[in-house]
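Residue numbers (UniProt numbering): 1 to 973.
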């Protein structure tokens, strides 16, 4: 029986003004069909999607997918359903205004659960043949049904629902978590990720966990829990319900609480005085031997004596304290400033290296099958990042590959871990609780390899909130930029007070060669530690090896899913699989070859090489033209990468989706194929069924680049303990190695200021400093009013005016000018630098910029008589209007012959920010009769939210992504 199966299915709607647009892109029999409609609400029925009839083989797919549409809408909203023949569910498409929702439903009568939102339309449809009576295929298709929708009252959160009919063939959340890291290789990744269930709630008054953020730490912290309880009691109507609703109270480092609230209760809480924002407690997921030498910080470099007093905190999956990278041999007791604890549950112990450890599970997502209820790391990600930042030097390799000395940037520094992520994910509430504790515990720096793939305003972004209060307490937070590259405007963690880190290559890469029987060699990619001793094996095409006995056919067998191949055919051969996927288990084969071009080298539990699709076609030609084709897969070998450093393709690019006049990411660091500590429970390869264990593992991502920068920041902190977070950040950025835009087409949007240089960062010459007051002024320019910034900052901060402004006057170490098409190029950036180099020094401005622009620096000479002296200047950029210009790069350098203080300049065309600035602020709010009774202050929050509008104006890239989601994700582990 033939069915149509939707993979990577989305809808997109752009609400620019009142114009809405829908684009549907179908793939059918290798033919792409694209259909666009200007106004989806005008569709009379699904039959109105008239896909071109003149394309070959179009009739059946039109019949299967389009002709079965029917209108189920009510109250002016349109709901369409499509029955996919042969499968135990139908598909509902729900239109409302300019937005649509796409959902796969088991029971179409349950359509009332759907809420209108914005999402991308069906992108790809693949026809498969399925034998309903055979479980081998059915576990891929028939055992699951999935809902994918967005809630009307919470467009910032995706909702998934999945049900598995046959538990014998259902993947565990831990197995799916491992599979998710193979998103580029697993075409059905969104299908399997749906098993990480977020249940659909149909009732409007169902209570869900929400974070209520109330700004800075209250002056009377002792009464904070009572205040939160009383607020809930007023909204919920009883003290008993308030106790049942309240999950957690923040009060050590900032003010807020977590509670279970209905949509109506959320609306009432938002109206209360003192409340900055209320947002869902979203389910979140977390984003070497050679890298430090490549960055110019060799093991032989003298260590600073103060390094042992630096405490590096990491929000991650915990740590495996017995790993050799965390040995405390030769360490003194922890510094006296440390106020933290070690939650030594379930045989977990700290030492003089790992001096503190906590774990958080406010939503009770702990699963005893995959987790350990302690700070112990069961996934490996946290151990990897901790050792990269501050692990001691130790011999390490991955089964003999990439051998050498693994170490962190500050091996003598102390580590404090805050486990916020479990096998099934992380929560916003846990992350905020960890920030609060880390600030109170006395960490010096924080490393956060977490980030949202979808932007949110600063006061609703859990990372932005936590990093703001860390900055306020003198703590710099390094954050991963995300792994959504190479498309523009995907960068995560874009708050100006956070340090945003992209990922780049080092001068070592890996190659896994495929050698054919005719002697031809193809360079592949993977981490293959299996030695076939040069022996050749029959080369077998998976499509020719279908397991007809089990109900498979060549089309399905080409995917190489378990059970689809005939073992008697594939046994002892090198099997070619058409579709790269993490589930390919070709039992009895000598190896596997798949077509995919990716940057990272991925380990499998059997010989495997990933080659380019072009090379794969040549292999097919060789196999078809040779009577007895043979091949072998060689062990992976390291190669010298002479092009390094270059930014890897998966690293998220700028500009910032919220404030494009702040250049993001800030800089880049090694994030490709990094060897570091691992958890023995984390697995030894990408396969969820691999039961081998390793102490060190090779992975890639901005999760890996982030702790490199944390280590360098700690290195600078040890040398300059009194420097502010902004001063350390400036030192890292202005001394970064300039990258080559000819090798990085996205230029500063890919690498920011450049590749980090640890030794130069120790002595930057000049720094661009910034205080909390500077960031408060920035928020004022973004549209936050005096009342709100006072709540956030906890002081008497005042916005000089209610007028919106550009971010040009924030004392940032870079210059970004975002322009609409045809807008006049004119901007003035005031800046102030502080001398941290030598006294009696004179710096001269040196500008590099294409001739179409004029850059004037006034004054162009800065003379300093002492260390700590400040000097101000302005940078004015003028030029003719530009249109459709992705980026024009330049730079400003201040040099005195000894130091070069470099700041990139980026001028580009851009769409308006996703979130409009705040206005239409109410003059008063209903007062909560508690600690604020009698207060005359008001906040800007009103029933419709902080922003005057939240227009979806971006993401017109080829993948049609929609940036509106507050879900966070593991950054490329």
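C-beta atoms are modelled at their ideal positions from N, C-alpha and C, and glycine is treated no differently.
- Query: Would you call the CB atoms of residue 214 and residue 791 closer than 9 Å?
  - Reply: Translated into the one-based positions of the chain shown, residue 214 becomes position 214. Translated into the one-based positions of the chain shown, residue 791 becomes position 791. It is a contact, given that the beta carbons lie within the stated cut-off.
Check: At which residues does the alpha helix (DSSP H) containing residue 658 begin and terminate?
Finding: Against the chain shown, residue 658 aligns to sequence position 658. Where residue 658 is concerned, there is no enclosing alpha helix (DSSP H), because DSSP gives it neither an H nor an E.
Using CA coordinates, which residue listed in 523, 842, 727 is at the minimum distance from residue 477? Residue mapping note: residue 477 aligns to position 477 of the chain shown, counting from 1. Measuring from the Cα of residue 477, the nearest candidate turns out to be 727.
* Asked: Out of 654, 741, 371, which has the shortest C-alpha to C-alpha gap to residue 345?
  -> As a first step, residue 345 must be located in the chain shown, where it is residue number 345. Taking only the C-alpha atoms, the option nearest residue 345 is 371.
Report task. State the Cα-Cα distance for the pair residue 719 and residue 880, rounded to the nearest angstrom. Result -> Translated into the one-based positions of the chain shown, residue 719 becomes position 719. Translated into the one-based positions of the chain shown, residue 880 becomes position 880. The straight-line gap from Cα to Cα measures roughly 45 Å.
Classify residue 321 as helix, strand or coil using the three-state DSSP reduction. Start at 1 with the first residue of the chain shown, and residue 321 comes out as number 321. Per DSSP, reduced to three states, the secondary structure at residue 321 is coil, with no helix or strand assignment.
Check your understanding: Hey, residue 872 and residue 891 are a contact pair by Cβ (cut 8 Å); roughly how many whole angstroms apart?
Key -> Stepping through the chain shown from its first residue, residue 872 is reached at position 872. Stepping through the chain shown from its first residue, residue 891 is reached at position 891. Actually they do not touch by this definition, with Cβ atoms about 20 Å apart.
Worksheet item: So, residue 556 versus residue 539, is the Cβ gap smaller than 9 Å?
Response: Indexing the chain shown from 1 puts residue 556 at position 556. Indexing the chain shown from 1 puts residue 539 at position 539. With respect to the 9 Å criterion, residue 556 and residue 539 are not classified as neighbours on the basis of their beta carbons.
Going by DSSP, what residue range makes up the beta strand (DSSP E) through residue 260?
Position 260 of the chain shown, counted from the start, is the residue given in the question as residue 260. Unbroken beta strand (DSSP E) run through residue 260: 254-261.
Distance, residue 901 Cα to residue 736 Cα:
Position 736 of the chain shown, counted from the first residue, corresponds to residue 736. Position 901 of the chain shown, counted from the first residue, corresponds to residue 901. C-alpha separation (whole angstroms): 9 Å.
At least three beta-carbon pairs within less than 8 Å, the segment 467-486 to the segment 634-643
At 8 Å Cβ cutoff, the stretches do not touch.
Report yes if the C-beta distance between residue 453 and residue 424 is below 9 Å; otherwise report no.
Counted from its first residue, the chain shown places residue 453 at position 453. Counted from its first residue, the chain shown places residue 424 at position 424. It is not a contact, given that the beta carbons lie outside the stated cut-off.
* Asked: Going straight from the alpha carbon of residue 436 to that of residue 485, what length do you get?
  -> Counted from its first residue, the chain shown places residue 436 at position 436. Counted from its first residue, the chain shown places residue 485 at position 485. Cα-Cα distance, rounded: 31 Å.
(message) Under DSSP, the beta strand (DSSP E) around residue 417 begins and ends at which residues?
(response) Reading the chain shown from its first residue, position 417 is the one you call residue 417. Judged by DSSP secondary structure, residue 417 falls within the beta strand (DSSP E) whose first and last residues are 414-419.
Sorted by chain position, which residues of the same chain lie with C-beta nearer than 6 Å to residue 866's C-beta, five sequence neighbours on each side aside? By one-based count along the chain shown, residue 866 stands at place 866. So the list reads 839, once near-sequence residues are dropped.
**Study point:** Assigned exposure category for residue 386 - 16 Cβ within 10 Å defines buried
**Key:** Counted from its first residue, the chain shown places residue 386 at position 386. Buried, because 16 or more other Cβ atoms sit within 10 Å of the Cβ of residue 386.
Exercise. If you compare alpha carbons, which of 628, 596, 755, 778 is closest to residue 665?
Worked result: Position 665 of the chain shown, counted from the start, is the residue given in the question as residue 665. Of the candidates 628, 596, 755, 778, the one whose C-alpha sits nearest the C-alpha of residue 665 is 755.
Should residue 427 go down as buried or exposed, given a rule of 16 or more other Cβ atoms within 10 Å for buried? What you label residue 427 is simply residue 427 of the chain shown in a count that begins at 1. It is buried - the Cβ of residue 427 has at least 16 other Cβ atoms within 10 Å.
Please state if the CB of residue 739 and the CB of residue 646 are separated by a distance shorter than 9 Å. Start at 1 with the first residue of the chain shown, and residue 646 comes out as number 646. Start at 1 with the first residue of the chain shown, and residue 739 comes out as number 739. It is a contact, given that the beta carbons lie within the stated cut-off.
Quiz item: Out of curiosity, what's the CA-to-CA distance linking residue 610 and residue 700?
Solution: Stepping through the chain shown from its first residue, residue 610 is reached at position 610. Stepping through the chain shown from its first residue, residue 700 is reached at position 700. Distance between the alpha carbons of residue 610 and residue 700 is about 16 Å.
Which same chain residues end up closer than 6 Å to residue 824 when comparing Cβ atoms and leaving out the 5 residues on each side of it in sequence? Within the chain shown, the letter at position 824 stands for residue 824. The answer, listed in chain order, is 881.
* Run the CB neighbour count on residue 844, radius 10 Å, all protein chains shown included, and call it buried at 16 or more, exposed below. => The residue given as residue 844 occupies position 844 in the chain shown. Label assigned to residue 844: exposed.
*asked:* Pull the bridge partners of residue 210 from the DSSP assignment, please.
replied: Position 210 of the chain shown, counted from the first residue, corresponds to residue 210. Beta-bridge pairing links residue 210 to 259, 280.
Close-in-space but distant-in-sequence residues of the same chain around residue 488 (CB under 6 Å, 5 per side omitted): Here residue 488 refers to the residue found at position 488 when the chain shown is read from its first residue. Correct list, in chain order: 653.
- Task: Look at residue 864 and residue 841 and say whether their C-beta atoms are less than 9 Å apart.
- Result: By 1-based counting over the chain shown, the position of residue 864 is 864. By 1-based counting over the chain shown, the position of residue 841 is 841. Going by C-beta atoms, residue 864 is nearer than 9 Å to residue 841.
Proximity below 9 Å, CB of residue 575 to CB of residue 589: Along the chain shown, read from residue 1 onward, the residue named residue 575 stands at position 575. Along the chain shown, read from residue 1 onward, the residue named residue 589 stands at position 589. For residue 575 and residue 589, yes; Cβs fall inside 9 Å.
ask   = What do you reckon, are the CB atoms on residue 676 and residue 895 nearer than 9 Å?
value = As a working mapping, residue 676 is identified with position 676 in the chain shown. As a working mapping, residue 895 is identified with position 895 in the chain shown. The answer is no: Cβ separation not under 9 Å.
Can you look up residue 631 in the DSSP assignment and give me helix, strand or coil?
Locating residue 631 in the chain shown gives position 631, counting from the first residue. In the displayed model, residue 631 falls within a strand according to three-state DSSP.
Problem set entry | Contact set for residue 846: own chain, Cβ-Cβ below 8 Å, skip 5 residues either direction | For the purposes of this step, residue 846 is identified with residue 846 of the chain shown, where counting begins at 1. Only 892, 893, 894, 895 meet the Cβ criterion.
Note to self: Just to confirm the assignment, what range does the beta strand (DSSP E) spanning residue 637 have?
What the structure shows: As a first step, residue 637 is located in the chain shown; it is residue number 637 there, counting from the start. Per DSSP, residue 637 belongs to the beta strand (DSSP E) from 637-640.
#### Entry: Within the segment 509-576, ranges of the alpha helix (DSSP H) (whole runs, at least 4 residues)
554-557, 567-570
Q: Please confirm whether residue 310 and residue 211 have their CB atoms less than 9 Å apart.
A: Here residue 310 is taken as the residue at index 310 of the chain shown, counted from 1. Here residue 211 is taken as the residue at index 211 of the chain shown, counted from 1. No. Outside cutoff.
Open item on the list: Let me confirm a value: residue 870 is counted as buried when at least 16 other C-beta atoms fall within 10 Å, else exposed. Which label applies?
Closed with: Along the chain shown, read from residue 1 onward, the residue named residue 870 stands at position 870. By the neighbour-count rule (16 or more Cβ atoms within 10 Å), residue 870 is not buried but exposed.
Cβ-based neighbour list, residue 535, same chain, cut-off 7 Å, excluding 5 preceding and 5 following: Looking up residue 535 in the chain shown gives position 535. Excluding sequence neighbours, residue 535 sits near 632.
**Message:** Just to confirm, is the Cβ distance from residue 301 to residue 759 under 9 Å?
**Reply:** The count along the chain shown starts at 1 and reaches residue 301 at position 301. The count along the chain shown starts at 1 and reaches residue 759 at position 759. For residue 301 and residue 759, yes; Cβs fall inside 9 Å.
On a CA-only basis, which of 794, 778, 818 is nearest residue 801? Give me that one, please. In the chain shown, counting from the first residue as 1, residue 801 sits at position 801. The candidate whose alpha carbon is nearest that of residue 801 is 778.
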